[in-house]
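Residue numbers (the working numbering): 79 to 400.
Written out as structure tokens, the structure reads:
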């Protein structure tokens, strides 16, 4: 029987919440009469999460799928694995900590059925600590909107719905899951956003902090580079290199003018050293740009390697290519 809806849930040390989350999700898909599968990705949990997932898989074989990583790889690889294994026409991703509300799923599915390729959740109101979670999120979302031009309010909300053919064409690595809407926008996907219910965290503590904002900024630089220069890195490195070389040449010319017209000895002129440094830095940047061009071409011609290793699966094929 073909699966219409796949719900992907990364799990890391959420033993207290996975059973309740399963119950809530199962209730939603039963009420809506979806042909659905629930894919839990155990991301190297060190608590009882995997034991509870095994029991859920055994008790609900038609619906529950479990992917068990050999170790902790992070949320992005966990989401990537779940998405690649998913067989549904529509794929929903959500957190395992119960803060995302499964009752928002039908509204997101309805938006996909209207014709959108991606529906992003907007947590309203946020039920998190303002200084540790909300303020860093506001800053990060603002920076992402400005740099990428994708106008969403809440890139960090895991609760999203995707048309399968759109999300499966996006390769994820590092901690890039929050930038999926940006990647989708590059391919011409139609994107919308709906307000979703955000609930208090009942168990455990958040795995995120203010340091996350710094990582987001660094990832944002990567995304900007990939978006504007991934197929033409020479334009970035070469352009900067030419600027430095021209600047060094102008300064060097002025040093010669001072020597022959103003009789200022070059070895006593600090501008000479600046001119040499600028020219050499520029020359090196041009060389880096050329090397980057070669690397990019090799990258696009090579077959990408998986960013995770699956130990075993439950109610799924033993392996699945990336």
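From the three backbone atoms N, C-alpha and C, an ideal C-beta is built for every residue, glycine too. All values reported here derive from a predicted model rather than from experimental measurement.
Q) Helix or strand or just coil, what does DSSP make of residue 163? A) What you label residue 163 is simply residue 85 of the chain shown in a count that begins at 1. Helix at residue 163.
Q. Around the Cβ of residue 192, are there at least 16 other Cβ atoms within 10 angstroms (buried) or fewer (exposed)?
A. On the chain shown, residue 192 is found 114 positions in, with the first residue counted as 1. The residue is exposed, with fewer than 16 neighbouring Cβ atoms inside 10 Å.
Q.
Checking the sheet assignment: what are the DSSP bridge partners for residue 88?
A. The residue you call residue 88 lines up with position 10 of the chain shown. For residue 88, which the question treats as bridged, DSSP gives the partners 119.
Q) Are three or more beta carbon pairs between the region 132-151 and the region 109-123 nearer than 8 Å? A) yes
Q) Expressed to the nearest angstrom, what Euclidean distance is found between the alpha-carbon atoms of residue 257 and residue 112? A) Sequence index remark: in the chain shown, residue 257 carries index 179 (1-based). Sequence index remark: in the chain shown, residue 112 carries index 34 (1-based). Taking the straight line joining both Cα atoms gives about 28 Å.
Q. In terms of residue numbering, what span does the alpha helix (DSSP H) encompassing residue 97 cover?
A. Along the chain shown, one-based indexing puts residue 97 at 19. Its alpha helix (DSSP H) spans residues 96-110.
Q | Collapsed DSSP secondary structure at residue 357 in the structure displayed | A | In the chain shown, counting from the first residue as 1, residue 357 sits at position 279. Helix.
Q. When DSSP labels each residue in this structure, what does residue 234 get in the three-state scheme?
A. Locating residue 234 in the chain shown gives position 156, counting from the first residue. Residue state, collapsed to three classes: coil.
Q: Could you tell me the distance, in whole angstroms, from the CA atom of residue 80 to the CA atom of residue 198?
A: By 1-based counting over the chain shown, the position of residue 80 is 2. By 1-based counting over the chain shown, the position of residue 198 is 120. Each residue's Cα considered, the two are about 25 Å apart.
Q.
To the nearest angstrom, how far is the alpha carbon of residue 175 from that of residue 279?
A. Walking along the chain shown from the start, residue 175 turns up at place 97. Walking along the chain shown from the start, residue 279 turns up at place 201. Going from the Cα of residue 175 to the Cα of residue 279 covers about 7 Å.
**Q.** Whether residue 319 touches residue 361 by CB criterion (8 Å)
**A.** Counting from 1 along the chain shown, the entry for residue 319 is found at position 241. Counting from 1 along the chain shown, the entry for residue 361 is found at position 283. Yes. Within cutoff.
Q) For residue 354, which residues from the same chain have a beta carbon less than 8 Å from its beta carbon, with the 5 sequence-adjacent residues on both sides left out? A) Here residue 354 is taken as the residue at index 276 of the chain shown, counted from 1. Result list for residue 354: 326, 330, in chain order.
Q | Uninterrupted alpha helix (DSSP H) stretches inside the region 162-221 (no shorter than 4 residues) | A | 183-192
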